[in-house]
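Residue numbers 179 to 318, in this note's numbering, belong to the letters of the sequence shown in order.
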Amino acid sequence: PTSFSLALPNAPAGLFSIGRSDRSASTSLAAGLDSLPMAILEAAGLLDEGAPRVLVVVYEEPLPLPFQPYVAETEPCAALAMLLTRGAPQAFDLELLPGGADANLDQGHLLPFLRFLAREQAGELSVRHGARGWRWRRTA
């Protein structure tokens, strides 16, 4: 049972809330290659509904060997935490793009986004997989 305790997508949020004695709402998403943009869209919706701030935590790690043949993408170990606040200047636009033959995303969305954040001179990041893509543009 102890190795299963972190197998569910909502486990880290639950453990974080227990450790802080925090009864705030939490949302856990497992959207594969779209997890990062979906988390940002969820946070934007919560801010729009009146939440003063939203902590977005996204992490990726490789699946255990027995499960790796069942997924197309490989995910390196990486994590990101962002505190988004209501009324803060907008730093990015996020646009949905069609996927298709020019796919360039096979290792998860998180590392390309972290590299984009680190390079302040980069104005946009476009990533695509077979089903869809996303374009991040700096606005600030």
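We put the CB at the ideal spot given by N, CA and C, even for glycine. No experiment lies behind these values; they were computed from the predicted model shown.
query: Can you check whether the CB of P215 is closer than 8 Å to the CB of T263?
result: The answer is no: Cβ separation not under 8 Å.
query: What residue from Y248, L289, A257, E251 has the CA that sits closest to V234's CA?
result: Check the Cα spacing between V234 and each of Y248, L289, A257, E251: the tightest is with A257.
Distance, S183 Cα to A266 Cα: Rounded to the nearest angstrom, the two C-alpha atoms are 36 Å apart.
- request: For D212, count neighbouring Cβ atoms within 10 angstroms of its own Cβ and tell me buried if that reaches 16, exposed if not.
  value: Looking at its Cβ environment, which holds 16 or more other Cβ atoms inside 10 Å, D212 is buried.
message: Please state the DSSP three-state secondary structure of A191.
response: Helix at A191.
- prompt: Does the separation of the CB atoms of S195 and S204 fall below 8 Å?
  reply: Taking 8 Å as the Cβ cut-off, S195 and S204 qualify as a contacting pair.
task: Please decide whether L303 counts as near chain D, where near means a Cβ-Cβ distance under 8 Å.
output: This model lacks chain D altogether, as it is built from one protein chain only.
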